[in-house]
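J.: Numbering (UniProt numbering), first residue to last: 1 to 631. Don't be surprised by glycine CBs; every beta carbon is placed ideally from N, CA and C. All values reported here derive from a predicted model rather than from experimental measurement.
(1) Give the range of the beta strand (DSSP E) segment to which residue 598 is assigned.
(2) What does the alpha-carbon distance come out to for the pair residue 61 and residue 340?
(3) Kindly list the residues whose CB is nearer than 7 Å to the CB of residue 267, restricted to its own chain and excluding five residues on each side of it in sequence; keep chain order.
(4) Among 336, 327, 214, which residue has its Cα nearest to the Cα of residue 281?
(5) If you reduce the DSSP assignment to three classes, tell me which class residue 583 lands in.
(6) Quick check: the Cα distance between residue 74 and residue 465, rounded to an integer number of angstroms?
(7) So, helix, strand or coil for residue 103, using DSSP?
(8) Between which residues of its own chain and residue 546 is the CB-CB distance below 6 Å, once the five residues before and five after are set aside?
(9) When burial is assigned at 16 or more other CB atoms within 10 Å of the CB, is residue 5 buried or exposed?
(10) DSSP three-state call for residue 197: helix, strand or coil?
(11) DSSP state of residue 356, grouped into three classes?
(12) Should residue 450 go down as buried or exposed, given a rule of 16 or more other Cβ atoms within 10 Å for buried?
(13) Cβ atoms of residue 286 and residue 238: under 8 Å apart, would you say?
(14) Taking the Cβ atom as the reference point for each residue, do residue 210 and residue 156 lie within a distance shorter than 8 Å?
(15) How big is the Cα-Cα spacing for residue 203 and residue 173?
(16) Tell me the rounded alpha-carbon separation between residue 244 and residue 356.
(17) Does the segment 588-608 touch the segment 569-576, meaning 3 or more C-beta pairs lie closer than 8 Å?
(18) On the criterion of 16 or more Cβ atoms from any shown chain inside 10 Å, does residue 14 qualify as buried, or is it exposed?
(19) If I'm right that residue 436 touches residue 484 with Cβ under 8 Å, what's the distance once you round it to whole angstroms?
(20) Suppose you measure from the CA of residue 92 to the CA of residue 190; what does that come to, to the nearest Å?
(21) Measure the alpha-carbon distance for residue 317 versus residue 353 and round it to whole angstroms.
(22) Does the structure place the segment 322-338 close enough to the segment 360-374 that three or more beta carbon pairs sit under 8 Å?
(23) Does residue 307 pass the burial test, meaning 16 or more other C-beta atoms within 10 Å, or should it be called exposed?
(24) With a threshold of 8 Å between beta-carbons, can residue 160 be considered close to chain D, or not?
(25) Less than 8 Å between the beta carbons of residue 138 and residue 120, yes or no?
(26) Which value, in whole angstroms, describes the spacing of the CA atoms of residue 26 and residue 258?
(27) Per DSSP, residue 506 forms a beta bridge with which residues?
(28) Looking only at its chain, what residues have a beta carbon closer than 6 Å to the beta carbon of residue 288, apart from the 5 residues adjacent to it on each side?
(29) What's the C-alpha gap between residue 206 and residue 273?
(30) Provide the residue(s) that pair with residue 294 in DSSP beta bridges, ordered along the chain.
(31) Under 6 Å Cβ to Cβ from residue 470, same chain only, skipping five residues before and after it: list those, please.
(32) Keeping to the same chain, check which residues put their C-beta closer than 6 Å to that of residue 135; ignore five residues upstream and five downstream.
(33) Using 8 Å as the cut-off, can you tell me whether the segment 179-193 makes contact with the segment 65-83, which would need three or more C-beta pairs spanning the two stretches below that distance?
(34) Straight-line CA distance for residue 388 to residue 187?
(35) Helix, strand or coil for residue 269? Go by DSSP, reduced to three states.
(36) Rounded to a whole number of angstroms, what is the C-alpha to C-alpha distance between residue 88 and residue 222?
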């Protein structure tokens, strides 16, 4: 059997031959003659002379191969109490008709289309209809505020917007159309038209001549064929928040994206055509692009589109119910979802209500997976729990445990080892590699592999400044961590979250790991707040397990003592407080930087991606003014 070390060494010996070997899993109208075009470095291009189409590869070729009757999408929506299955043949027809409706109204190859949809199958239909025409889609998380949607419309300059009338959240309906109308009013750029999916829960009012009903528009449209595009033509723009507050439009090219995703489905996730693959994320995030829409369909799998929450729709067992009911082989979610389930069901009683024996493994990504959460999941699920690390910019795993090659030993707290395409170094501030076990900045040698960002939308200088200038010859990930003697990577914090306490560089992730080990702590965050004497000092914020009725001040004291025992006095950890909830983005990332600004009394604004503003308001009342930065 081939080992991980053999495969990684094969890539190191000849990266271009490695990726040219991987192109055989893709259908080409014109096959690429070479893998990498580095003539305009650092703007690298992969398979640029090829001609292909992502929609053809994700849908049409499976129908042509006689698999049209296989289920392509399962929509499971506990918030609307509905379940739907769509075959590949049905999906092909829906996509071709929507592409025809777009084409009839002037959308052609290279035009941008903004998609503003909830977790419904039509969101995937919209993405693939754009890919069918060679148009460039930009999905914006459904329910984003009008101002933030306007910023993205202004930057992408779409010819059209595809939206739904509303999204469904537990206990409430979020009307999207008024937000879209407000965004178009605010934006200097006006789309030519919109197509609106009218959901029965809230019908939208339409602007005559601009807004078209999805059902009517697709019914009368002539199905559109797949348009050949260059390998380095953009498939999509996905906006990720920048430190300046101005969103960065991460680009994804067609050919490299397909090659990389298909490689991961075989080698990381160990799935095959016909398997059911479920990524419990949202199409507004990169996980939704890569592993709800594109990778499962490219592989000929069945993908699950889930419209619900890990808890409350209706209970902490909803994930395990979906796994049993739809015979999910690979399940992929964020650590924050597991922590939410663990908080509500610490003894995992709901897990045992369902038969999840068919699932091969649980994959985690999106933020750091603390060892306590991994150990809890492995204990109760009795399945491998595979943490892996990647970013919006990379589109797929940088470090992972490649189940399709071999299952490496799991080290809780580590996303395992670098994948082919990624040469990872841990660097000090001067850009010099540091010894194993030493905390530093995680950087990746250029060029990045196929499928990763080739640049930012209309922002070449910003691309270099954001990712390439700090460490010449490297892509700067913005994460800090260590590498152990076995080559396992540990992501300890964002670089900004490495705090300096009296000259000692300390990882907030390491402190969070200790706090999470306390039996009453369900979730936690450590932030570095201003300290006039030491520069920074750590503040711990902890959420307790459901049903915990112990004295909170006693738990706080125990947590302070734990840090002192496990990390030592050097951490100067003296402040810990119980909170009801931690403020997060909708993708589950804790808003650490915002909380630091609140504690230190510096200017801050409500993040556009925040999940529940009330949580931040409550935290603000507890931590405002705790920091005392040096004058």
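T.: Let me spell this out:
(1) Per DSSP, residue 598 belongs to no beta strand (DSSP E); it is in the alpha helix (DSSP H), 592-600.
(2) 40 Å
(3) 402, 404, 405
(4) 336
(5) coil
(6) 42 Å
(7) helix
(8) 343, 344
(9) exposed
(10) Residue 197: strand per DSSP, three-state reduction.
(11) coil
(12) buried
(13) yes
(14) No.
(15) 11 Å
(16) Since pLDDT at residue 244 reaches only 48, below the 50 mark, its modelled position is unreliable, and the value read off the structure follows with that caveat. Using only the alpha carbons, I get a separation of about 44 Å.
(17) no
(18) exposed
(19) Your pair residue 436 and residue 484 checks out as a contact, with CB atoms roughly 6 Å apart and the cut at 8 Å.
(20) Roughly 30 Å separates the two Cα atoms.
(21) 8 Å
(22) yes
(23) buried
(24) As a matter of chain content, chain D is missing from the structure shown, which is built from one protein chain.
(25) no
(26) 7 Å
(27) 499
(28) 281, 282
(29) 41 Å
(30) Per DSSP, none; premise fails for residue 294.
(31) 476
(32) 107, 111, 113
(33) Contact between the segment 179-193 and the segment 65-83 is absent: fewer than 3 CB-CB pairs across the two stretches fall below 8 Å.
(34) 38 Å
(35) coil
(36) 19 Å
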